[in-house]
Amino acid sequence: ARLCDASWCYWVREILPELFNDLRQKPTSVPGIPLLFDAFASPLAELVPEGSDAGQALLAELRKALEAGILQPLCASIEEDLRLLTHAIMLGNGESLPLAPPTEVLALLQLRPLALTKSSIVDIKDQVELRLSR
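Structure follows, in structure tokens:
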């Protein structure tokens, strides 16, 4: 997003949740999420001032898309794995479980923090930890 003007993403921001769904299902594409987020957040620096009402609305929309498209499905997947592990251990059948979590989960947890603006950064790993510790 630093090399070209991606402010046009403001006008097609409705597709962001669908793009997240596609990226989440292809673990090899997960490292592209920060770049995608940079592109969709670029209007906050160039087109819509961050402090304006429209800027705050765009920031809230980006956070909502991240929540629905990445964080909620990721937390649900981790919770399901934990339930299955606990159930298998209680039944004494721990050998039947996979040795590692799904590659999608690992790829998402290894992402660098997403910078929405200079003052608004979202770390997926921290957000998952906060949600799962409730």
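Counting in my numbering, the sequence shown runs without a single skipped number right up to 1297 at its last residue. Think of the CB as a built atom: it goes at the ideal place given N, C-alpha and C, for glycine as much as any other residue.
Practice prompt. Note down the Cα distance separating M1253 from V1285, rounded to an integer number of angstroms.
Written response: Translated into positions along the sequence shown, residue 1253 becomes position 90. Translated into positions along the sequence shown, residue 1285 becomes position 122. Approximately 36 angstroms between the Cα atoms of the pair.
Worksheet item: Mind pulling the beta strand (DSSP E) runs of 3 or more residues that sit fully within the region 1182–1222?
Response: none
Practice prompt. From the DSSP output, in three-state form, read off L1279 for me.
Written response: As a working mapping, residue 1279 is identified with position 116 in the sequence shown. Reduced to three states, the DSSP call for L1279 is coil.
Discussion item. L1186 and L1207 - do their beta-carbons sit closer together than 9 angstroms?
Written reply: Residue numbering aside, residue 1207 sits at position 44 when the sequence shown is read from its first letter. Residue numbering aside, residue 1186 sits at position 23 when the sequence shown is read from its first letter. Against a cut-off of 9 angstroms, the Cβ pair of L1186 and L1207 comes out as no contact.
Discussion item. Taking the alpha helix (DSSP H) that L1247 belongs to, which residues open and close that run?
Written reply: What you label residue 1247 is simply residue 84 of the sequence shown in a count that begins at 1. Where L1247 is concerned, the enclosing alpha helix (DSSP H) stretches over Q1235 to M1253.
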